[in-house]
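2 protein chains.
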Amino acid sequence: MSDVLALLTRTNKALRATADAAMRRHGLRLGQNLVLEALWEKDGRTPGELAEYLNVTTPTVVKMATRMSTNGLLTRSRDDTDNRLVRLCLTAKGRALRDPVMAEVDGLRRALTAGLTDRECRDLATTLEKVLRNLIPLGAGPHDYSDQV
Amino acid sequence: MSDVLALLTRTNKALRATADAAMRRHGLRLGQNLVLEALWEKDGRTPGELAEYLNVTTPTVVKMATRMSTNGLLTRSRDDTDNRLVRLCLTAKGRALRDPVMAEVDGLRRALTAGLTDRECRDLATTLEKVLRNLIPLGAGPHDYSDQV
DNA sequence: AGCTAGTCGTTAGCCGGCTAACGTACCCCA
DNA sequence: TGGGGTACGTTAGCCGGCTAACGACTAGCT
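Line by line, the protein sequences are chains B and Y. When you read off a place in the first sequence, starting at 1, and then add 79, the result is the number in the numbering used here. When you read off a place in the second sequence, starting at 1, and then add 79, the result is the number in the numbering used here.
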């Protein structure tokens, strides 16, 4: 009982489905709002910068950037001074999504914790952080946790 | 501060990475252990049954079953009495993974909540269930949650 | 008995995520 | 000044997940 693993899995699945549905209402897909957020905050980032910022690999950003470029959300352009770099710049369409998408994410954030007391929210965050810290050392590389408690 | 949304996202990402690494040690991939678990519990299930049991769509099960069949973990065979049905049956290799994989999942489950008190675990589960219930009505269909608190 | 409606699995195609391999461009040092 | 190492983006290919369209089979009603 109280299987945190299963609960975490189910919660995340529901979260993904809900978030994707929310983003679709604005012509976006699940992670694309994060790319936009990063560019709203600072336009003209490179795929590599974005990848590090979003905690994702570069190829993932490249593929998403290609789709988002096709959808007219951003443009690719090579940096003048360093020809290796690629600058991802928002289009007017990409900039226009800022307010509605931020409102949507805010709504999701509130819906998520609806009916929870402040105390519950804080405790949830604290405990999740602990779980996260438990996971991080295991995530990188072929680590064996059979020696852990 | 205490952004439950971001925390949930990061936790799940770490969880997926860790779980995938754990399953790879047994020649499996992320969700394949769930398929095996379902067949350990009751062999010869159909893709549709499995999909419902795992809360996943049928095509997802079909694709996984194809890969797992290629890897010699299970076999496909048509039902004699109803030729629409396909029976997924474990091979010896698939059966042999039962103990080691269950132990691995158990290790993951324990590592996940390492350093947490029983109280913290129970509270975490309770709160996650609330969050999950908040999400479920939003997940199905083009629902608008702008009216929610 | 035959036609229709419903059930079931498969295929095609998309998305986000990853690793590995590749090609180009820069940079620094001999 | 040239060459080797390094940084960067792209491509290819895999996995889990989804929806939509398709095809085969059963079942049910007339």
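Ideal placement from N, C-alpha and C gives every residue a C-beta, glycine not left out.
Nearest to Arg-174 of chain B by CA position, among B:Ala-96, B:Asn-134, B:Ala-100, B:Leu-152, is which residue?
-> Here the question's residue 174 of chain B lines up with position 95 in the first sequence. Ranking the options by Cα distance to Arg-174 of chain B, first place goes to B:Leu-152.
Should Arg-188 of chain Y go down as buried or exposed, given a rule of 16 or more other Cβ atoms within 10 Å for buried?
-> In the second sequence, counting from the first residue as 1, residue 188 of chain Y sits at position 109. Arg-188 of chain Y comes out exposed.
How many angstroms separate the CA atom of Arg-146 of chain B from the CA atom of Asp-178 of chain Y?
-> As a position in the first sequence, residue 146 of chain B is number 67, starting the count at 1. As a position in the second sequence, residue 178 of chain Y is number 99, starting the count at 1. Looking at the two C-alpha atoms, the distance is approximately 43 Å.
Bridge partners of Cys-168 of chain Y, per DSSP?
-> Working through the second sequence from its first residue, we reach residue 168 of chain Y at position 89. As a beta-bridge residue in DSSP terms, Cys-168 of chain Y pairs with Y:Thr-154.
Cβ of Ala-204 of chain Y within 8 Å of any chain B Cβ | Here residue 204 of chain Y is taken as the residue at index 125 of the second sequence, counted from 1. Residue-level contact check: Ala-204 of chain Y touches chain B, since one or more beta carbons of chain B fall below 8 Å from its beta carbon.
Looking at the unbroken alpha helix (DSSP H) that takes in Ser-148 of chain Y, where does it start and where does it end?
-> What you label residue 148 of chain Y is simply residue 69 of the second sequence in a count that begins at 1. Following the DSSP letters along the chain, one finds Ser-148 of chain Y inside the alpha helix (DSSP H) bounded by residues 137-149.
Min CB distance Ser-229 of chain Y to chain B below 8 Å = In the structure as shown, chain Y starts at 80 and stops at 228, and residue 229 of chain Y therefore has no counterpart that could be examined.
Leu-87 of chain Y classed as buried or exposed, judged by whether at least 16 other C-beta atoms fall within 10 angstroms | Looking up residue 87 of chain Y in the second sequence gives position 8. Answer is buried; the Cβ neighbour count reaches 16.
Exposure label - Ala-98 of chain Y; buried when at least 16 CB within 10 Å | Reading the second sequence from its first residue, position 19 is the one you call residue 98 of chain Y. With 16 or more other Cβ atoms within 10 Å, it is buried.
Taking C-beta pairs closer than 7 Å, name the residues in chain B that Ser-81 of chain Y reaches, listed in chain order.
-> Along the second sequence, one-based indexing puts residue 81 of chain Y at 2. Within 7 Å Cβ-Cβ: Cys-200, Arg-201, Ala-204.
Straight-line gap, Val-228 of chain Y to Asp-202 of chain Y (C-alpha atoms, nearest Å) = Within the second sequence, residue 228 of chain Y is the residue found at index 149, counting from 1. Within the second sequence, residue 202 of chain Y is the residue found at index 123, counting from 1. Caution applies to Val-228 of chain Y, whose pLDDT of 23 falls short of 50 and renders its modelled position unreliable; the model cannot decide the point.
Residues sharing a beta bridge with Arg-124 of chain B, DSSP = Translated into the one-based positions of the first sequence, residue 124 of chain B becomes position 45. Per DSSP, B:Leu-167.
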